[in-house]
Structure formats: C-alpha cells, structure tokens
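Asker: Residue numbers (this note's numbering): -7 to 276.
If you want it as structure tokens, here you go:
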C-alpha cells in the first residue's frame, strides 16, 4: 500500500502539524501490527509549488525497512507554514502518483490518501473526477482506493476553520471514497487525535493487510498458507478463509504471528481449480 499524506502548509497549521508529529508513532505502530503489510508512506503539501513531489528529510518515502523510519516520518509531518494561502488537496494527489521521479506507486498496490487541513479544498476540481482518476489508476478497483481526512467537518464548533468556508468539496470526496459510510474522517481539533490517527492505520491494516487476491481460481481443498515455515490454519479469526467470489484469501485478526525474523514471506500454494466445462473439453 502507498499512503500519501497531503498536509496543509498554510500559516494556520503549525499546531496541527506538531500534533501530527507527536502522534506519527501511533500511526506507524498500528500499521506494524500486520507483518505482511509492505507500505510506503510519503508526504506532500497543499501548495501548488510542491505538486508531484514528496517532502521530508529523505525527499522520499518511509517503508517498514527504513532505518529510524518513525522519527523520519514524524519530522516529515512538519512541512512548514509558509505555503500557499490557497490550499489545494485534490490537485496534489495524482501528480505524486504519476511522477516517475517520485517512484512512489507500484503496480497492483493499494492507495490510501490522508489529507490534513483546516480549510476547504480550493483546487477548483470536481471531487468525483479525481476519485475516478484514482480508481482508474488502480486498475478500476475501488477497493484499492482509500481516502481519509483530518479536517474541520461541517457544523463543528470550537475548531478554527481557515477562510470560514464549509468544506463541501472535501466532504463529497470523503463520501465518495467511503461509499456513503462517512466513517473515514475525524475532527482536526479532536482531543483524541492520536487514537483517531491510529484508527486510520487500523482501518488500512484491515482493508489492505488482510486480503490477498489470487491470480487463478484455486481448488479450495488444496490451499496451504505459510508464513516462512509456519503453516497458517484455515480459521476465520486465527487463520485464513477463502472467498471464491473475489478469488481472495482473507487473514484473520487473531493470527499468532511470530515476532522474530521479520524477513520471512507469506506464501500461498494451491492447485488450480478445474471447472466442469474444462473436464468436458478434455474428454473431447
């Protein structure tokens, strides 16, 4: 999964960026609950001058193998407050994904965008158009596109909104990505900011780190799932299940993953399913 933070770098965001920095460890710790989640976390800003680029001390992204990755990500959250007063969220996403120099996106991966702002989007773009571009970029699979927001939701008091405009565009964008569930955002001024941020990581783990789509339909009776030499049982919570509708293996939340040797790989072995029409063809 590629996780892109789009952080408002206008003059009103200093305290919110510091809050992000303090709580980055909670976000990464929650991601690391999944030993098979191969993530890249990058940061860009809402300023037009940064379009298509990743910010931070590395000028790149953080992975599970980045030395001092938590500290580097935390420092990258401080993008400064001298950015454009015209905050753009929607227009900043696709340029990062499509920029070869950023080397951020991988074929077949999931995408999670987390925007952090106290203002309405001013990209002058249609949120449905941008969302559809993201889905098309991920092979037309909407399950591979996740969007989250830390912003000032409509009707919220006690949290200053830069410019005063109600964030209808951002609300529409979030609603599209959640399929109308409206469960993918939290108040920028939330007293539980850290746990709210960690909840986003938990959701990413659940939606990304628990599903492996197979390239062929298997004979379910022949499926063997291993993590290194450890055989994972067929169990809804403590092991795996198979969904023939999506040709996917789903990993349970209570698997007892060994903590040592983080370099071992998850492997799935199976015999390809042979369907009745194939048997009839073979007889001929």
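The beta carbon of each residue, even a glycine, is placed where N, CA and C say it ideally should be.
1. Sorted by chain position, which residues of the same chain lie with C-beta nearer than 6 Å to residue 209's C-beta, five sequence neighbours on each side aside?
2. What are the residues that DSSP puts in a beta bridge with residue 261?
3. Which one or two residues does DSSP pair with residue 141 in a beta bridge?
4. Could you name the residues of the same chain whose beta carbon sits closer than 7 Å to that of residue 178, not counting the 5 residues immediately before and after it, in chain order?
5. Buried or exposed: residue 32, going by 16 or more other Cβ atoms within 10 Å of its Cβ?
6. Check whether the region 224 to 233 touches the region 1 to 14, counting contact only when three or more Cβ pairs, one atom from each stretch, lie closer than 8 Å.
7. Got a sec, what are the start and stop residues for the alpha helix (DSSP H) residue 235 sits in?
8. Starting from residue 7, trace the alpha helix (DSSP H) both ways and give me its first and last residue.
9. Taking residue 262 as the reference, give the member of 243, 218 and 102 with the closest Cα.
10. Between the region 38 to 50 and the region 0 to 11, do three or more beta carbon pairs fall short of 8 Å?
11. On a Cα-Cα basis, can you pick out the residue from 220, 5 and 44 that is closest to residue 35?
12. Check residue 82 in the structure and name its three-state DSSP category.
13. Identify whether residue 221 lies in helix, strand or coil by the three-state DSSP scheme.
14. Going by DSSP, name the residue or residues bridged to residue 37.
15. Looking only at its chain, what residues have a beta carbon closer than 7 Å to the beta carbon of residue 109, apart from the 5 residues adjacent to it on each side?
16. Taking the straight line between their C-alpha atoms, what separation do you get for residue 9 and residue 69?
Answerer: Put simply:
1. 239 and 265
2. 216
3. 107 and 177
4. 142 and 188
5. buried
6. no
7. Where residue 235 is concerned, there is no enclosing alpha helix (DSSP H), although the beta strand (DSSP E) it sits in stretches over 232 to 235.
8. 6 to 23
9. 218
10. yes
11. 44
12. helix
13. coil
14. -1
15. 0, 38, 79, 81 and 143
16. 6 Å
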